[in-house]
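Only one structure is covered here, and it is reproduced in the block below.
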Ligand SMILES: Cc1cc2nc3c(=O)[nH]c(=O)nc-3n(C[C@H](O)[C@H](O)[C@H](O)COP(=O)(O)O)c2cc1C
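In our numbering, the protein residues as written are 2 to 206.
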């Protein structure tokens with residue numbers, strides 16, 4: 002299977018290097034123990050005032066929850082995500098325990114999903130997040146209360162053969178991953194001014 006490792010300029014952990022978002026998923030079910038582990042990892046993520054504003058709805062290929070999640074996806078995502086054995090809806094609780102807005106909720110949910118992702122990756126799984134779905138439809142389908150916001154659908158499973166994909170998607174499966182240069186992301190002195198230590202030559206792994 003084609004693995005799109007990062008072409009990193011500086012050393013990073015192999016888990017981060019090897020993670021990417023595939024679209025060709027094998028239908029092979031994911032072991033319950035691995036599912037428990039990646040959900041447990043999400044639980045141990047940090048959050049503002051320890052509000053833990055993440056919630057997940059999990060569906061397994063063939064069940065009603067899974068069908069509702071697929072139903073809410075945009076067509077592009079429906080093209081590929083339907084072979085993934087596990088789909089999750091990631092939901093943020095946008096209020097704190099006093100009922101006031103929690104402005105960190107979306108940030109914290111994302112970080113929780115990052116924790117989930119790296120545990121899943123460590124266990125040989127692949128994770129692909131999707132913003133392309135009708136959140137209102139998902140809210141309705143699952144009876145999600147007002148103070149919650151449905152943010153992403155997440156496919157989890159083992160990687161599959163790119164040959165199963167529609168032709169256009171197959172190309173994307175082998176295209177190298179691209180990133181903005183680190184000098185354009187990390188600044189010192191003033192916004193936009195690259196941090197000094199990044200002036201040195203990059204691309205030495
Ligand atoms: C919040 C979020 C929404 C995304 N939405 C979609 C989506 O709707 N469909 C899709 O195919 N990929 C989606 N992606 C995957 C990104 O396109 C992918 O992570 C990005 O191109 C970087 O590729 P990599 O994860 O393989 O490094 C989404 C990723 C995130 C984090």
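All C-beta atoms in this analysis are idealised placements derived from N, C-alpha and C, irrespective of residue type, glycine included. Just so we're clear, the structure is a prediction, and the values are computed from it rather than from any experiment.
| So residue 61 packs on residue 87, CB below 8 Å; how close in whole Å? | 6 Å
| request: Examine ligand 1 and report whether any of its heavy atoms sits within less than 7 Å of the Cβ of residue 129. | output: yes
| query | Between 136, 147, 142, which lies nearest to residue 153 when the distance is taken from Cα to Cα? | reply | 136
| task | Please confirm whether any heavy atom of ligand 1 lies closer than 7 Å to the CB of residue 208. | result | The chain is shown only over 2 to 206; residue 208 falls outside these bounds and no answer can be derived.
| So what does residue 11 bridge to, in DSSP terms? | Paired residue(s): none; residue 11 is not in a bridge.
| field | Nearest neighbour of residue 116, chosen from 55, 144, 188 [CA to CA] | value | 55
| query | Does at least one heavy atom of ligand 1 sit under 7 Å from the Cβ of residue 153? | reply | yes
| Helix, strand or coil for residue 199 per DSSP? | helix
| query | Under the rule that 16 or more other beta-carbon atoms within 10 Å means buried, what is residue 29, buried or exposed? | reply | exposed
| field | Length of the line joining the Cα atoms of residue 126 and residue 46 | value | 19 Å
| said: Contact between the segment 168 to 176 and the segment 33 to 46 is defined here as three or more beta-carbon pairs at a separation below 8 Å; is this criterion met? | reply: no
| Cβ-heavy atom distance between residue 169 and ligand 1 below 7 Å? | no
| What residue from 138, 20, 197 has the CA that sits closest to residue 120's CA? | 20
| message | Pull the bridge partners of residue 128 from the DSSP assignment, please. | response | 157
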